[in-house]
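Here is the structure we will look at, set down as structure tokens.
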Ligand SMILES: [Zn+2]
Ligand SMILES: [Zn+2]
């Protein structure tokens, strides 16, 4: 795993390659997301405004959409709460416990066989990165 600053630079370089300008807001959001598994838009606004109090929440929301359209970040639904944002193409899937709310990261590759089979038999491609799988953790099953 590369260092956080390198990962921010890679993300911003990709944004520039797509003809987008590197603004203070875009850099700040990239830094916040590189340092976390996933964050709600509200948490991102709070973290970004720590360093850049002048950055409006609406700018942050717009920037999240721009970064998502560029394929650099994606949002995931972990449960009933607001969507959570993360860097795109992380090799993880989220398991969420209905009992205690615990979130566990598992390799996305666990679902490769299932994904391929559903495509083959039903022509449907499951977007495992878009939603968590809900169930009960080891503790709550006891
Ligand atoms: Zn649980
Ligand atoms: Zn969604």
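Numbering (this note's numbering), first residue to last: 24 to 165.
Note that beta-carbon positions come from the ideal geometry of N, C-alpha and C, so glycine has one too.
When the Cβ atoms of the stretch 116-129 are set against those of the stretch 147-162, are three or more pairs found closer than 8 Å?
yes
Option nearest residue 28 by Cα separation, candidates 41, 36 and 54:
Walking along the chain shown from the start, residue 28 turns up at place 5. Nearest of 41, 36 and 54 to residue 28, Cα basis: 54.
Give a single yes or no on whether residue 122 has its beta carbon closer than 7 Å to a heavy atom of ligand 1.
Translated into positions along the chain shown, residue 122 becomes position 99. Residue 122: yes, Cβ under 7 Å from ligand 1.
Taking residue 158 as the reference, give the member of 78, 140, 35 and 117 with the closest Cα.
Mapped onto the chain shown, residue 158 falls at position 135. Selected option, being the one with the closest Cα: 117.
Are there any heavy atoms of ligand 2 lying less than 7 Å away from the beta-carbon of residue 106, as far as the coordinates show?
Indexing the chain shown from 1 puts residue 106 at position 83. Yes, the beta carbon of residue 106 sits closer than 7 Å to at least one heavy atom of ligand 2.
Near ligand 1: residue 103 beta-carbon under 7 Å from a heavy atom
Along the chain shown, read from residue 1 onward, the residue named residue 103 stands at position 80. Residue 103 Cβ: outside cutoff for every heavy atom of ligand 1.
Quick check: does the Cβ of residue 162 come within less than 7 Å of any heavy atom belonging to ligand 1?
Along the chain shown, one-based indexing puts residue 162 at 139. Correct: residue 162 has its Cβ closer than 7 Å to ligand 1.
Are there 16 or more other CB atoms within 10 angstroms of the CB of residue 31, so buried, or fewer, so exposed?
Along the chain shown, read from residue 1 onward, the residue named residue 31 stands at position 8. Classification of residue 31: buried, given that the 10 Å Cβ count is 16 or more.
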